[in-house]
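Student: First the structure, which I've put down as structure tokens, then a few questions once you've had a look.
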Amino acid sequence: MWIETSTPVIFLTFNRPDLTQLVFNAIAMARPKRLYVVSDGARPHVAGEAERVAETRAIIDQVSWPCDVLTDFAESNLGCYQRITSGLRWAFQQAEEAIVLEDDCLPDPSFFTYCDRLLDQYRDESKVGNICGCNFQKGHSRTSSSYYFSKYFHCWGWATWRSTWEKFDANVRQPSLLTADDLVSPWDTAAEKKYWHSIFRDHFSGKNSSWDFLWLYTCWQHDLLSVTPDVNLVSNIGFRADATRTSCSTNPLANLPRLPMPEVLRHPAAITRMCEADAFDFEHNFGGPRGMRRWWSRVEKLRRMVGSRRRVA
């Protein structure tokens, strides 16, 4: 039987009270002793958003177990990038380590103890940067262990340590790091290198600021691997029209089934990267010929164009 979590939880929220309630219920089952709640402010031009933000924030008043609740509620809208990075910085100034959940990332109950144990297991291991909760291998088991190590970080339910998060610089502007001889080690193919150079150049030029890609960039700078479960522990339930970035409900990564992690964890014999899983991740979820992010970014762009034309008409 899984026990209450011993790790503080950082809960990132905004304007979707129904999803926030579902994820809060999952957190409540784990009964963390400390809960950091981060909330962005409403956008003044969006009708009804101030009320939805207030309703979302009020959910935290439902805490009914012994818990130290700390809040960081923005008075104005900071936007996804600034709100998440500033909120994580605020929380990790107080917490030595923490589990991080966004308002649409619904975890299996076993996710919390999985994080507890592996935060403890790798606390002093310089090669490990994150404990991730989602698995995008489409049912392919990659190991006889309970988890493996990946060069890819996925933000739908994760955990890390203050000492690791302190490596993150939200305002970094160093395009020289994208020269041909830098950051070579993470990439296994020329196509992969080309894709990520494009992603990071867009970030640094301001075309597409994504905090999770910059965190991945940071991990690669410091040669950090992410623990990845061999089963999926977290489902993103937020793919719908009111999402900030995941508005297409037919995305194949939406609402992935969650499976429980066995109580007895089987640890890998060594901290080595699972190259087969990483190749699959890039091929199917990022920039490969079958990459979901590439395909669905085009779908999203087309959807926005059609919507814009309809409004004009």
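Final position of the sequence shown in my numbering is 319; the numbers increase by one with none missing.
In this text, a Cβ means the ideal position worked out from N, Cα and C, and glycines have one as well.
Measuring straight from C-alpha to C-alpha, what distance separates M298 and N257?
Tutor: Working through the sequence shown from its first residue, we reach residue 298 at position 292. Working through the sequence shown from its first residue, we reach residue 257 at position 251. Unreliable placement is indicated for M298, whose pLDDT of 48 sits below 50; no coordinate value is reported for it.
Student: D236 to Y158, Cα distance in whole Å?
Tutor: Counting from one through the sequence shown, the residue named residue 236 turns up at place 230. Counting from one through the sequence shown, the residue named residue 158 turns up at place 152. For D236 and Y158, the distance between alpha carbons rounds to 14 Å.
Student: Alpha carbon to alpha carbon, what distance is there between F288 and I33?
Tutor: Taking the sequence shown and counting its residues from 1, the one referred to as residue 33 is at position 27. Taking the sequence shown and counting its residues from 1, the one referred to as residue 288 is at position 282. Cα to Cα, I33 sits roughly 31 Å from F288.
Student: What separation, rounded to the nearest whole angstrom, lies between the Cα atoms of N177 and G54?
Tutor: As a first step, residue 177 is located in the sequence shown; it is residue number 171 there, counting from the start. As a first step, residue 54 is located in the sequence shown; it is residue number 48 there, counting from the start. Each residue's CA atom was taken as its position, placing N177 and G54 some 32 Å apart.
Student: Looking at the unbroken beta strand (DSSP E) that takes in Y154, where does it start and where does it end?
Tutor: Reading the sequence shown from its first residue, position 148 is the one you call residue 154. Y153 to S156 is the extent of the beta strand (DSSP E) around Y154.
Student: If you run the structure through DSSP and keep just helix, strand and coil, what is T19?
Tutor: Taking the first residue of the sequence shown as 1, we reach residue 19 at position 13. Of the three classes helix, strand and coil, the one that applies to T19 here is strand, per DSSP.
Student: Is the beta carbon of F118 sitting closer than 8 Å to the one on I105?
Tutor: To locate residue 118, count along the sequence shown from 1; it is residue 112. To locate residue 105, count along the sequence shown from 1; it is residue 99. It is a contact, given that the beta carbons lie within the stated cut-off.
Student: Can you check which of these residues, F155, G145, S169 and N31, is closest to L112 by C-alpha distance?
Tutor: Position 106 of the sequence shown holds residue 112. Comparing Cα positions, the closest option is N31.
Student: Out of curiosity, what's the CA-to-CA distance linking Q227 and A60?
Tutor: Your numbering for residue 227 matches position 221 in the sequence shown. Your numbering for residue 60 matches position 54 in the sequence shown. Computed Cα separation, rounded: 39 Å.
Student: Find out if the Cβ-Cβ distance for the pair R95, D46 is shorter than 8 Å.
Tutor: By one-based count along the sequence shown, residue 95 stands at place 89. By one-based count along the sequence shown, residue 46 stands at place 40. No, they are not a contact pair.
Student: When the Cα atoms are used, what is the spatial distance from W221 to E108?
Tutor: Working through the sequence shown from its first residue, we reach residue 221 at position 215. Working through the sequence shown from its first residue, we reach residue 108 at position 102. The alpha-carbon atoms of W221 and E108 are separated by roughly 16 Å.
Student: Given this structure, state the Cα-to-Cα distance separating F17 from E81, to the nearest angstrom.
Tutor: Taking the first residue of the sequence shown as position 1, residue 17 is located at position 11. Taking the first residue of the sequence shown as position 1, residue 81 is located at position 75. Rounded to whole angstroms, F17 to E81 spans 17 Å at the Cα level.
Student: Between L231 and K133, how many whole angstroms is the CB-CB distance? I'm expecting something under 8 Å.
Tutor: Residue mapping note: residue 231 aligns to position 225 of the sequence shown, counting from 1. Residue mapping note: residue 133 aligns to position 127 of the sequence shown, counting from 1. With a Cβ gap of about 6 Å, L231 and K133 count as contacting.
Student: Which residue or residues does DSSP assign as beta-bridge partners of E81?
Tutor: Taking the sequence shown and counting its residues from 1, the one referred to as residue 81 is at position 75. Paired residues: none, contrary to the question.
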